[in-house]
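Final position of the sequence shown in the numbering used here is 376; the numbers increase by one with none missing. C-beta: ideal position from N, C-alpha, C; glycine also. Notes to accompany the following structure.
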Amino acid sequence: MKKLLFIYILSLCELVLYAQTDEMNYYFYKVDSIIKHKDSFKKKLENEIQSFKVKLKQGQNPEDIYPINRLIYEAYKTYISDSALIYLNKNIELAHTMQRIDLLQESLIEKSYIYAATGMLSAADTCLQEALSYPMNTQNKLKYFTQKIYNLSHQEELYNNNCKNEITQNCDSILRLESSPENPYFIWANFYKYYADSKHMPQIILMLKDKISELEASDPWYPHFTFALSYLLIKVCSEERIKYLALSAITDIKNVNRDSPSIMMLTQEAYKLNKLDYAYNYIHYIVESQNEYPSRTRTSNYMISLQNTVDKMQQLSKAKEKANQQFITTLICLFIILCTSSTYIYILLRKQTHSKKELQKKMKSWIKM
Numbered sequence: 008m009k010k011l012l013f014i015y016i017l018s019l020c021e022l023v024l025y026a027q028t029d030e031m032n033y034y035f036y037k038v039d040s041i042i043k044h045k046d047s048f049k050k051k052l053e054n055e056i057q058s059f060k061v062k063l064k065q066g067q068n069p070e071d072i073y074p075i076n077r078l079i080y081e082a083y084k085t086y087i088s089d090s091a092l093i094y095l096n097k098n099i100e101l102a103h104t105m106q107r108i109d110l111l112q113e114s115l116i117e118k119s120y121i122y123a124a125t126g127m128l129s130a131a132d133t134c135l136q137e138a139l140s141y142p143m144n145t146q147n148k149l150k151y152f153t154q155k156i157y158n159l160s161h162q163e164e165l166y167n168n169n170c171k172n173e174i175t176q177n178c179d180s181i182l183r184l185e186s187s188p189e190n191p192y193f194i195w196a197n198f199y200k201y202y203a204d205s206k207h208m209p210q211i212i213l214m215l216k217d218k219i220s221e222l223e224a225s226d227p228w229y230p231h232f233t234f235a236l237s238y239l240l241i242k243v244c245s246e247e248r249i250k251y252l253a254l255s256a257i258t259d260i261k262n263v264n265r266d267s268p269s270i271m272m273l274t275q276e277a278y279k280l281n282k283l284d285y286a287y288n289y290i291h292y293i294v295e296s297q298n299e300y301p302s303r304t305r306t307s308n309y310m311i312s313l314q315n316t317v318d319k320m321q322q323l324s325k326a327k328e329k330a331n332q333q334f335i336t337t338l339i340c341l342f343i344i345l346c347t348s349s350t351y352i353y354i355l356l357r358k359q360t361h362s363k364k365e366l367q368k369k370m371k372s373w374i375k376m
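Have a look at this one:
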């Protein structure tokens, strides 16, 4: 009875493991298939930008033009950084013209994002300092502290600086302004404050899962929260990490987001799990993204993934080539043996036939005698 129970439990574990592996393969495949349609997503975005530009020509005053410029900026934000900056600078001029400090700060904070995303961290901090030189409303304060965290995290990534204390301070500033557990800024601040704290990690994971379940994939926070959750799930070695990484990557690909950390991290996970075909395809997408939206902070991680995957692919290619050569050599040897054996058997059969004919002749001659 105990033996049967052990076999049953073992079989159940194998089924669970198979199901998890199958689900991971599904999400790797899903991202790979979405990448194949990247050109259609790009064309759709270009059409949206063109429609905004048509509306822009109809604008009569700064109050009409500013929000349309903002829409064009949002479309370019993670697509083409230079174009995004052009429309931000136009809005900064319009904010001065309208004497709208809140809109000026909004544009300066967004400009800080573009600079940080492309690795120009000093210029990014200068924009934030300029925004801070004016009195801020609550909404802009939340954006300011969130952007400051983004800049500091990039500083850690690019220069290997330890900015944890500064990041925590900015998280606390957000939490003093926003205490509602439903608010995205509250959740985001908690994630950055406790992402390295094993004690609070289960609570943050649950908070992110609950919030993600409420959001549509079109929500601007969706790819951020799915990536944040996958980051924590990687730390706790959860099988679900691939699912949420894929969901974040899929959203970024559809939005033509060239500043996507999720696709890079998914490439690394694919490499670790020996899904090299997927990793290789993801890298091609990353190369294209780097060409159109160059980022110093993403390049180092990308190069590591690229080098690891290419090296592994070369090793497998050499191993496959060696195996093919051995297989061909074996086939040739078998062919030679087969030909030799066939020839030998043919000769034996010929001799046997000849001997038989000779014996028949002798038998005939004996009968005549």
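From the options, residue whose alpha carbon lies closest to that of residue i
i       : options                            : result
Tyr-141 : Ile-156, Asp-109, Ala-123          : Asp-109
Glu-53  : Phe-35, Lys-150, Tyr-238, Val-263  : Val-263
Asp-226 : Ile-41, Lys-261, Met-208, Ser-245  : Lys-261
Ala-131 : Glu-113, Asn-190, Thr-175, Lys-155 : Lys-155
Ala-256 : Ala-235, Val-61, Lys-242           : Ala-235
Ala-224 : Leu-213, Ala-253, Lys-200          : Ala-253
Ile-174 : Tyr-151, Glu-189, Ser-187          : Tyr-151
Lys-49  : Thr-133, Asp-259, Tyr-287          : Asp-259
Tyr-201 : Glu-189, Lys-216, Gln-112, Leu-239 : Leu-239
His-207 : Pro-230, Thr-233, Val-243, Glu-185 : Val-243
Tyr-33  : Ser-220, Tyr-285, Ile-241          : Tyr-285
Glu-81  : His-103, Gln-65, Glu-55            : Glu-55
Ile-241 : Ser-220, Ala-203, Pro-230, Lys-218 : Ala-203
Thr-153 : Thr-133, Asn-169, Gln-176, Asn-168 : Gln-176
Thr-104 : Glu-70, Ala-196, Ile-194           : Glu-70
Met-143 : Ser-186, Asn-169, Tyr-83, Arg-107  : Arg-107
Ser-40  : Lys-171, Asn-298, Tyr-289          : Tyr-289
Lys-60  : His-44, Tyr-83, Lys-45             : Tyr-83
Gly-126 : His-231, Asn-169, Tyr-157, Leu-139 : Tyr-157
Residue i vs residue j beta-carbon contact at 8 Å
i       : j       : result
Glu-100 : Leu-115 : no
Leu-159 : Ile-121 : no
Leu-128 : Leu-165 : yes
Thr-85  : Tyr-300 : yes
Phe-198 : Ile-211 : yes
Val-38  : Leu-273 : yes
Ser-88  : Ala-124 : yes
Pro-191 : Trp-228 : yes
Arg-265 : Ser-296 : yes
Ile-42  : Tyr-251 : no
Leu-111 : Leu-149 : no
Lys-282 : Phe-35  : yes
Inter-residue spacing [alpha-carbon to alpha-carbon] between residue i and residue j
i       : j       : result
Met-31  : Arg-248 : 9 Å
Arg-77  : Asp-29  : 43 Å
Leu-338 : Glu-276 : Only weak support is given to the placement of Leu-338: the predicted model assigns it a pLDDT of 45, under 50, and the question is left unresolved by the model.
Ser-58  : Ala-91  : 16 Å
Met-416 : Gln-67  : With the chain covering only 8 through 376, there is no way to say anything about residue 416.
Lys-279 : Leu-63  : 48 Å
Tyr-287 : Ser-47  : 21 Å
Val-23  : Thr-233 : For Val-23, the predicted structure reports a pLDDT of 40, less than 50, and the residue's modelled location is therefore unreliable. A value from the coordinates is still provided. Answer to the nearest angstrom: the Cα atoms are 24 Å apart.
Tyr-73  : Asn-98  : 6 Å
Ser-119 : Glu-113 : 10 Å
Ile-79  : Cys-178 : 30 Å
Pro-188 : Ile-194 : 7 Å
Ser-205 : His-161 : 23 Å
Ile-246 : Ile-270 : The residue asked about is misnamed: residue 246 is Glu in this sequence, not Ile. So the two alpha carbons sit approximately 17 Å from each other.
Pro-209 : Ala-196 : 16 Å
Ala-330 : Glu-163 : Residue placement at Ala-330 is flagged as unreliable, the pLDDT there being 49, under the threshold of 50; the coordinate-derived value follows with that caveat. Cα to Cα, the separation comes out at about 45 Å.
Glu-117 : Gln-65  : 25 Å
Phe-334 : Asn-298 : Bear in mind that the predicted position of Phe-334 carries a pLDDT of just 47, short of 50, making it unreliable; the figure below should be weighed with that in mind. Their Cα atoms are separated by approximately 42 Å.
Ser-220 : Ser-186 : 20 Å
Ile-93  : Leu-139 : 22 Å
Asn-430 : Ala-102 : Nothing in the structure corresponds to residue 430, since the chain is present only between 8 and 376.
Where the alpha helix (DSSP H) through residue i begins and ends
i       : result
His-291 : 283-299
Val-61  : 45-64
Trp-228 : Element bounds for Trp-228: n/a, residue is neither H nor E.
Glu-207 : With the sequence shown as reference, residue 207 is identified as His, and Glu is not the correct amino acid for it. No alpha helix (DSSP H) holds His-207; DSSP gives it neither H nor E.
Ser-129 : 128-139
Gln-176 : 171-184
Leu-280 : Note, Leu-280: premise wrong, no alpha helix (DSSP H); not H, not E.
Ile-87  : No alpha helix (DSSP H) contains Ile-87, which DSSP labels as neither H nor E.
Ser-114 : 108-124
Gln-146 : 145-166
Asn-197 : 191-201
Ser-255 : 248-261
Any non-hydrogen atom of the ligand ZN within 7 Å of residue i CB
i       : result
Lys-216 : As presented, the structure is devoid of all ligands, the ligand ZN included, so that no description of it is given.
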